[in-house]
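Novice: What follows is a structure written as structure tokens; I'll ask about it next.
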Amino acid sequence: MEVQWVLVCHGCLTLLIVVSFLCGNWPIFQNTPIQRIHHFITVGAYDYFLRFAMFAFGNRGRDAVLSVEYHCCDRPNPVLQVIYLAIIGVTYYFVVKSSFIYVPGYYLSEVHRYTSFLAVGVGVLLFLLTSFSDPGTVKAENFSQYMVAYPYDNILYKEKECPTCKIPKPARSKHCSICDRCVARFDHHCGWMNNCIGEKNTRYFLAFLLWHFLLCLYGAAVLGLILAGRLKELKVIYILTVYYEIDYSFSSLAPHVIQWLVGSYNTQILLMVFLAVVSLLLAGFFGYHAHLSGKVSFIDKWDKALEKFMEHEALLQHCISEVHRYVTGSSQLPTFKWQDYKNWKRKLNEARASAAALKARISGMTGERKPPRSKWKAFFQRSPLEDVEVVVEDNIYDRGLFGNLYEIAFPLSSRSSFLGGKSD
Ligand SMILES: [Zn+2]
Ligand SMILES: [Zn+2]
1 MEVQWVLVCH GCLTLLIVVS FLCGNWPIFQ NTPIQRIHHF ITVGAYDYFL
51 RFAMFAFGNR GRDAVLSVEY HCCDRPNPVL QVIYLAIIGV TYYFVVKSSF
101 IYVPGYYLSE VHRYTSFLAV GVGVLLFLLT SFSDPGTVKA ENFSQYMVAY
151 PYDNILYKEK ECPTCKIPKP ARSKHCSICD RCVARFDHHC GWMNNCIGEK
201 NTRYFLAFLL WHFLLCLYGA AVLGLILAGR LKELKVIYIL TVYYEIDYSF
251 SSLAPHVIQW LVGSYNTQIL LMVFLAVVSL LLAGFFGYHA HLSGKVSFID
301 KWDKALEKFM EHEALLQHCI SEVHRYVTGS SQLPTFKWQD YKNWKRKLNE
351 ARASAAALKA RISGMTGERK PPRSKWKAFF QRSPLEDVEV VVEDNIYDRG
401 LFGNLYEIAF PLSSRSSFLG GKSD
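Just so you know, we're using UniProt numbering here: the sequence shown kicks off at 1 and counts up by one.
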């Protein structure tokens, strides 16, 4: 019995760490141990390690760690690609080694030996397709084509040039600092794929997430059917009720059946838990990316809304003052005028600019001492600005869920109507 509890604890601990690592920064986990574990895994542990390197080897030790971090997290590299291949390879190896002896079984035919291999193969193929396809790199030769496909709305996206690439930036494009290139309809830089996710490969990326979600469900279902088949083949229920004289009811049998399964098939149960957790996370990622595919920055929108509100406020004040003057016959000038608003706005902009400059200077000065930002987050987070996206009513780029998905499946810049529409 003790071994079973060790296994249950091991499973729970794995679940806790995986959930904390991947979802610990979600609002529902705020101020909970899960958020603290997430912080420790993503930032704290690395910070302690850096301090240890500094303590043990001085500046040289710290510089060596920072240099490894730079090459692993800030430059394109295949570390996470190798880890993905290792995870899928090792998981499939364990499934084959522990469970293929039961296929064919009571509920499963032999075909699952081949379909499982095919399903994993398709998953790896989608991974390779996302990793090595062009995300929609905007270059001097093709920017005009992207400009036609993604025109400026002059609300959310205004005419702009990329300071690094020295070419105009089409609406919704972004410069990826890791790959050092501008990418059309940039979504995020995916460390797992070692590639940007942009206009041309978001379809492969979403297909990858959806396929792996289905793959995990398939794996969990097959393992479940193997266990159900073993229960049937070994006549466990019959033995429990006849020889051990246990009542033939769910509540009486369940604890004994669970104890037997955990004791005899712990590998399959751990694999099932792992696959179920990963499938839930993948479903979440897929929904998140599909939902946000056409939305734009919340910060941009907030700025616009504030500006509009202030304009309305100023106009209203102006009207009230005018009416008041008309009714009372007062010659006193209105207290809040349009010019006041303009002045206030100018001061606000100046204050914002100086605050930004100050912030940049402080971060420059304390760059060495500031806590390291977790680079692990790169693989499940979108770019910082897009992280707070919400629905924007006057967003011409948002074509609704199905319109956005259609645009992902058939990128605008590859359509014949845009291919012929070069503006240069
Ligand atoms: Zn650029
Ligand atoms: Zn990139």
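The beta-carbon is built from N, C-alpha and C at its ideal position, and this holds for glycine as well.
Measure the Cβ-Cβ separation of residue 209 and residue 285 and say whether it is below 7 angstroms.
Specialist: Yes; because the gap between Cβ atoms is below 7 angstroms, this pair is in contact.
Novice: For residue 92 versus residue 120, is the C-beta spacing smaller than 7 angstroms?
Specialist: Their beta carbons are under 7 angstroms apart, which means residue 92 touches residue 120 by this criterion.
Novice: Just list the alpha helix (DSSP H) runs in the stretch 41-79, keeping only unbroken ones of 4 residues or longer that don't cross its boundaries, in chain order.
Specialist: If we require 4 residues or more, the alpha helix (DSSP H) runs fully inside the stretch 41-79 come out as 45-69.
Novice: Threshold first: 4 residues or longer. Then list the alpha helix (DSSP H) segments lying entirely within the UniProt domain "Palmitoyltransferase DHHC" (158-292), N to C.
Specialist: Counting only runs of 4 or more, we get 202-233, 236-242, 250-264, 266-291.
Novice: Heavy atom of ligand 1 less than 6 angstroms from the Cβ of residue 164, yes or no?
Specialist: Because some heavy atom of ligand 1 lies under 6 angstroms away, the Cβ of residue 164 counts as near it: yes.
Novice: Got a sec? Which residues, its chain only, sit under 7 angstroms from residue 223 by beta carbon, not counting five neighbours each side?
Specialist: Around residue 223: 99, 268, 271, 272.
Novice: Contact check, residue 173 vs residue 179 under 8 angstroms by CB: the rounded distance?
Specialist: Contact doesn't hold; Cβ gap of about 13 angstroms is too wide.
Novice: Inspect the CB distances between the stretch 99-108 and the stretch 154-174 and report whether three or more fall short of 8 angstroms.
Specialist: At 8 angstroms Cβ cutoff, the stretches do not touch.
Novice: Answer yes or no: the CB of residue 10 versus the heavy atoms of ligand 2, is any distance below 6 angstroms?
Specialist: It does not: the Cβ of residue 10 is nowhere closer than 6 angstroms to a heavy atom of ligand 2.
Novice: Should residue 197 be counted as a contact of ligand 2 given a C-beta to heavy atom distance under 6 angstroms?
Specialist: No, since every heavy atom of ligand 2 falls outside the 6 angstroms radius drawn around the Cβ of residue 197.
Novice: Does the stretch 248-262 touch the stretch 123-139, meaning 3 or more C-beta pairs lie closer than 8 angstroms?
Specialist: These segments do not touch.
Novice: Could you give the first and the last residue of the continuous alpha helix (DSSP H) run that contains residue 114?
Specialist: Run containing residue 114: 111-132, per the alpha helix (DSSP H) assignment.
Novice: Have a look at residue 198 and residue 278 and give me their C-alpha separation to the nearest angstrom.
Specialist: Their backbone Cα atoms lie some 24 angstroms apart in a straight line.
Novice: For the candidate residues 21, 104, 241, 187, whose alpha-carbon lies nearest to that of residue 205?
Specialist: Minimum Cα distance to residue 205 is reached at 187.
Novice: Cutting at 6 angstroms between CB atoms, please list the residues of its own chain near residue 201, excluding the five before and the five after it.
Specialist: Same-chain partners within the cutoff: 130, 133, 135.
Novice: DSSP three-state call for residue 138: helix, strand or coil?
Specialist: Three-state DSSP puts residue 138 in a strand.
Novice: If I measure Cβ to Cβ from residue 20 and keep anything under 6 angstroms in the same chain, skipping five residues before and after, which residues do I get?
Specialist: 34, 37, 38, listed in sequence order.
Novice: Buried or exposed: which applies to residue 403, given that a residue is buried once 16 or more other Cβ atoms fall within 10 Å of its Cβ?
Specialist: So residue 403 ends up on the exposed side.
Novice: Tell me whether the beta-carbon of residue 213 lies closer than 7 angstroms to the beta-carbon of residue 282.
Specialist: Contact: yes.
Novice: Decide if residue 102 is buried, meaning its Cβ has at least 16 other Cβ atoms within 10 Å, or exposed.
Specialist: By the 10 Å Cβ count, residue 102 comes out buried.
Novice: Heavy atom of ligand 1 less than 6 angstroms from the Cβ of residue 291, yes or no?
Specialist: No, the beta carbon of residue 291 sits no closer than 6 angstroms to any heavy atom of ligand 1.
Novice: Give every residue of the same chain whose Cβ lies closer than 6 angstroms to the Cβ of residue 220, excluding the five residues on either side of it in the sequence, and list them in chain order.
Specialist: Hits under 6 angstroms: 272, 275, 276.
Novice: Would you tell me roughly how many angstroms separate the C-alpha atoms of residue 251 and residue 6, rounded to the nearest one?
Specialist: Computed Cα separation, rounded: 24 angstroms.
Novice: Of all the CB atoms in chain D, is at least one closer than 7 angstroms to the CB of residue 132?
Specialist: Checking the listed chains, one finds no chain D in this structure; it contains a single protein chain.
Novice: Consider the C-beta atom of residue 179 and the heavy atoms of ligand 2; say whether any pair is separated by less than 6 angstroms.
Specialist: Flag set: Cβ of residue 179 near ligand 2.
Novice: Within its chain, find whatever has a CB closer than 7 angstroms to the CB of residue 61; leave out the 5 residues flanking it on each side and keep chain order.
Specialist: Within the same chain, residue 61 has close Cβ partners 53, 54.
Novice: Please say whether residue 227 and residue 265 have beta carbons closer to each other than 7 angstroms?
Specialist: Cβ distance < 7 angstroms, so residue 265 and residue 227 count as in contact.
Novice: Looking at residue 207 and residue 125, is the spacing between their C-beta atoms short of 7 angstroms?
Specialist: No, Cβ-Cβ distance for residue 125 and residue 207 is not below 7 angstroms.
Novice: When the Cα atoms are used, what is the spatial distance from residue 142 to residue 290?
Specialist: Straight-line Cα distance between these residues: approximately 27 angstroms.
Novice: Less than 7 angstroms between C-beta atoms, sequence neighbours within five positions excluded: which residues of the same chain meet that for residue 152?
Specialist: Cβ within range, chain order: 158, 159, 171.
Novice: At a cut-off of 6 angstroms, is residue 188 close to ligand 1 when judged by its beta-carbon and the heavy atoms of the ligand?
Specialist: Checking the Cβ of residue 188 against ligand 1 gives no.
Novice: Is it buried or exposed, residue 12, if we count other Cβ atoms within 10 angstroms and call 16 or more buried?
Specialist: Exposed, since its Cβ has fewer than 16 Cβ neighbours within 10 Å.
Novice: Can you determine whether any heavy atom of ligand 1 sits closer than 6 angstroms to the C-beta of residue 175, and answer yes or no?
Specialist: Answer for residue 175: yes, Cβ within range of ligand 1.
Novice: For residue 203, which of 410, 414, 150, 112 has the nearest alpha-carbon?
Specialist: Checking every option, the nearest Cα to that of residue 203 belongs to 410.
Novice: Any heavy atom of ligand 1 within a distance shorter than 6 angstroms of the CB on residue 435?
Specialist: Shown here, the chain extends from 1 to 424; a query on residue 435 therefore has no answer.
Novice: Apply the 10 Å Cβ neighbour rule to residue 242 and answer buried if 16 or more other Cβ atoms are within range, or exposed otherwise.
Specialist: So residue 242 counts as exposed.
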